[in-house]
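Residue numbers for the sequence shown follow the UniProt record's numbering, beginning at 1 and rising by one.
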Amino acid sequence: MARNCFTRWCGRDEFEIDHFLDKYVVDLEQKTCTCGMFQLNGYPCCHACAAIATKRVQIDEYVDVCYKKSTYLRVYAEMIHAVPGAKDYVQTGYEPLKPPKIKTKRGRPKKLRRRGPNEMQTTSTRKGLTHTCTKCLGKGHNKRNCTNEPHPKSKFYKGITHEEILVEGSQIPPASQEHELQSEATRGTKVEQTSVGSSAATHPTSTPPFFQEIGYQGPRNDALMGGRSRGSGGNTSRNKTPSISQVLERIKRGPRKGHGGHEQCGCNFV
Numbered sequence: 001m002a003r004n005c006f007t008r009w010c011g012r013d014e015f016e017i018d019h020f021l022d023k024y025v026v027d028l029e030q031k032t033c034t035c036g037m038f039q040l041n042g043y044p045c046c047h048a049c050a051a052i053a054t055k056r057v058q059i060d061e062y063v064d065v066c067y068k069k070s071t072y073l074r075v076y077a078e079m080i081h082a083v084p085g086a087k088d089y090v091q092t093g094y095e096p097l098k099p100p101k102i103k104t105k106r107g108r109p110k111k112l113r114r115r116g117p118n119e120m121q122t123t124s125t126r127k128g129l130t131h132t133c134t135k136c137l138g139k140g141h142n143k144r145n146c147t148n149e150p151h152p153k154s155k156f157y158k159g160i161t162h163e164e165i166l167v168e169g170s171q172i173p174p175a176s177q178e179h180e181l182q183s184e185a186t187r188g189t190k191v192e193q194t195s196v197g198s199s200a201a202t203h204p205t206s207t208p209p210f211f212q213e214i215g216y217q218g219p220r221n222d223a224l225m226g227g228r229s230r231g232s233g234g235n236t237s238r239n240k241t242p243s244i245s246q247v248l249e250r251i252k253r254g255p256r257k258g259h260g261g262h263e264q265c266g267c268n269f270v
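As structure tokens, then:
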């Protein structure tokens, strides 16, 4: 620190010290400096060291007496008596000292330390900030009360699924409606029951649609689940339920040749 000080001799033992942008006055005779560290510590500060180096004298002459070896030896020259343990303490008739009673104040106790007037006061990190929604990337709200659609750059954006593309292109009912149709069939709702023989009698010129294989089976429709269906003639046959992909493909192709539509065939598909 003394290397960054520029000294200017004023006369006798007084010096003016330029330390960066500040100026200090050092008096070696009085052992004082305007920074106050020379008087407080008892040994020269960096400004006084620069003045001592300019004067070319020993720095030991300006150190206080308490830091010298002779003073240390003089303090411990006498004998220091030993101190007994706590069991050997002399018992007195006075009441033993107790810690002061702490009275709990009303209200919530403070967790933050009370800062002094010279300490920097902390500020809230959320004060003056604007919330950003992680769903729509909008300002002024969060995802809890957001009613907007997810932004494409948001982590909540899932994109367009393959089923939504098929629904938009061919107006196919979404998978949720197909699931409702299948659930209604499995609950025991009556579905148009036609066998191969009866369909040939009622529709001799039309090809039976794929829904003619569905039968009614009480609370559980085994025909939809791939089980046996009880026909009107008592014949049992193994019927397989078409998969969702097959249903979508057949709807996309439209009615077959000779099939007059769902109204004429009597199937239960809307």
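Backbone N, C-alpha and C fix where the C-beta goes; we use that ideal spot for every residue, glycine too.
Residue i versus the options, residue with shortest Cα-Cα distance
i, options, result
"ARG144", "LYS135, HIS151 and PRO152", "LYS135"
"ASP13", "THR92, ASP88, ALA2 and THR32", "THR32"
"GLU61", "THR132, ALA50 and TYR43", "TYR43"
"LEU28", "HIS19, PHE20, GLY11 and ASP18", "GLY11"
"ARG56", "LEU97, PRO96, PRO152 and TRP9", "TRP9"
Integer Cβ distance of residue i from residue j, believed to fall under 8 Å
i, j, result
"VAL26", "ALA48", "5 Å"
"ALA2", "ALA50", "4 Å"
Beta-bridge pairing of residue i - partner residues as DSSP gives them
i, result
"TYR62", "Partner(s): none; TYR62 has no beta bridge."
"GLY42", "According to DSSP, GLY42 bridges with nothing at all."
"ILE251", "Answer is none; ILE251 lacks a bridge partner."
"ILE17", "THR7 and TYR24"
"THR34", "According to DSSP, which records beta bridges pairwise, THR34 is partnered with nothing at all."
"THR132", "LYS139"
Element boundaries [beta strand (DSSP E), containing residue i]
i, result
"LYS23", "22-27"
"GLU119", "Segment: none, GLU119 is in no beta strand (DSSP E) and carries neither H nor E."
"GLU95", "Looking at the DSSP string, GLU95 is not in any beta strand (DSSP E), and its letter there is neither H nor E."
"GLY138", "Counting along the chain, GLY138 falls outside any beta strand (DSSP E), and DSSP gives it neither H nor E."
Beta-carbon proximity list for residue i, same chain, < 6 Å, skipping 5 on both sides
i, result
"PRO100", "none"
"ARG108", "none"
"GLU34", "The question names Glu, but residue 34 in the sequence shown is Thr. TYR24 and VAL25."
"VAL270", "Caution is warranted here: a pLDDT of 45 is assigned to VAL270, below 50, making its placement in the model unreliable, and no coordinate value can be reported."
"VAL75", "none"
"PHE156", "LYS135 and PRO150"
Own chain, CB closer than 7 Å to residue i, minus 5 neighbours either side, in chain order
i, result
"ASN142", "HIS131 and CYS133"
"HIS19", "ASN4, CYS5 and HIS47"
"GLY254", "none"
"PHE38", "LYS31, THR32, PRO44, CYS45 and ALA48"
"residue 271", "Residue numbering for the chain in the displayed model covers 1 to 270; residue 271 lies beyond these limits and cannot be assessed."
"ARG16", "Per the sequence shown, residue 16 should be read as Glu rather than Arg. ARG8, CYS10, LYS23 and VAL25."
"ARG115", "GLN121"
"ASN118", "none"
"GLY140", "THR130 and HIS131"
Residues of its chain near residue i, where Cβ-Cβ distance is below 8 Å and the 5 sequence neighbours each way are ignored
i, result
"GLU149", "CYS136"
"THR104", "none"
"LEU97", "none"
"THR71", "VAL65"
"VAL63", "GLY42, TYR43 and PRO44"
"CYS146", "CYS133, LYS135, CYS136 and GLY138"
Host alpha helix (DSSP H) of residue i (start-end)
i, result
"ARG74", "69-75"
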